[in-house]
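Remarks on the structure that follows.
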Amino acid sequence: MRGVPLRIEIGARDLEAGVATLVRRDRAFKEEGQKRTVALAAIVAEIPGALEEIQASLFAQAKAFLESHTISTSDRVEFFRLLEERAGMIDIAWCERTECEAAVKEASSATSRNLRRPARSATCVACGEPATAQAYFAQSY
Ligand SMILES: [Zn+2]
Numbered sequence: 184m185r186g187v188p189l190r191i192e193i194g195a196r197d198l199e200a201g202v203a204t205l206v207r208r209d210r211a212f213k214e215e216g217q218k219r220t221v222a223l224a225a226i227v228a229e230i231p232g233a234l235e236e237i238q239a240s241l242f243a244q245a246k247a248f249l250e251s252h253t254i255s256t257s258d259r260v261e262f263f264r265l266l267e268e269r270a271g272m273i274d275i276a277w278c279e280r281t282e283c284e285a286a287v288k289e290a291s292s293a294t295s296r297n298l299r300r301p302a303r304s305a306t307c308v309a310c311g312e313p314a315t316a317q318a319y320f321a322q323s324y
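Okay, so the sequence shown: first residue is 184 according to our numbering, each after it adds one.
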């Protein structure tokens, strides 16, 4: 979803009835919760909560997307194969050494991002040196 997350529809009949329709643009057409009728007097008070719900929903979607595109491996050959296949975010134990990252980038054009501690394994999947963190490697676009 891009741009404005919430649309407010007010037609002539709505005005007569004193209502408006809040339309969540992060929901599909006719999906549950996409549209909600709100009293005009309450609409200003409704908006912050609606925006928070949208924010939470987008965050959950992004998290699910990341998780479904993340592959964890402890095998060096598989690591380089997955990078070559542009399989997504490859999660490995990593040594954090500049030379190691340069070698991975040279071989696959992938770079590290989002380091987390501690490492789940004692050795770096990419080079075999002692690992100090978990890192995602992915192609840079
Ligand atoms: Zn390494």
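Glycine included, every Cβ here is placed at the ideal spot set by N, Cα and C.
Proximity of residue i and residue j at Cβ, strictly below 8 Å
i      : j      : result
Leu265 : Ile254 : yes
Ala200 : Glu192 : no
Thr281 : Ser323 : no
Asp274 : Gln317 : yes
Ala321 : Arg300 : no
Arg208 : Arg190 : yes
Cys278 : Glu250 : no
Gly232 : His252 : no
Val287 : Ala309 : yes
Ala302 : Ala276 : yes
Reduced DSSP category for residue i - H, G, I as helix; E, B as strand; rest coil
i      : result
Ala293 : strand
Ile193 : coil
Phe262 : helix
Val187 : coil
Ser304 : coil
Ala200 : helix
Lys246 : helix
Ala363 : Residue 363 is absent from the structure shown; the chain starts at 184 and stops at 324.
Ala316 : strand
Ala211 : coil
Residue of the options minimising C-alpha distance to residue i
i      : options                           : result
Arg210 : Ala224, Leu234 and Ala200         : Leu234
Gly216 : Leu223, Ala222 and Leu205         : Leu205
Pro188 : Ile230, Thr220, Leu198 and Gly194 : Ile230
Leu223 : Ser257, Glu236, Gly194 and Ala270 : Gly194
Ala305 : Asp258, Glu289, Val221 and Lys288 : Asp258
Residue i - partner residues in DSSP beta bridges
i      : result
Ser255 : Asp274
Lys218 : Val206
Gln238 : According to DSSP, which records beta bridges pairwise, Gln238 is partnered with nothing at all.
Ala321 : Thr294
Arg269 : Note: Arg269 sits in no beta bridge, so no partner.
May I have all residues whose beta carbon comes closer than 6 Å to any heavy atom of ligand 1, sorted in chain order? Trp277, Cys278, Arg280, Cys283, Cys307, Ala309, Cys310 and Glu312
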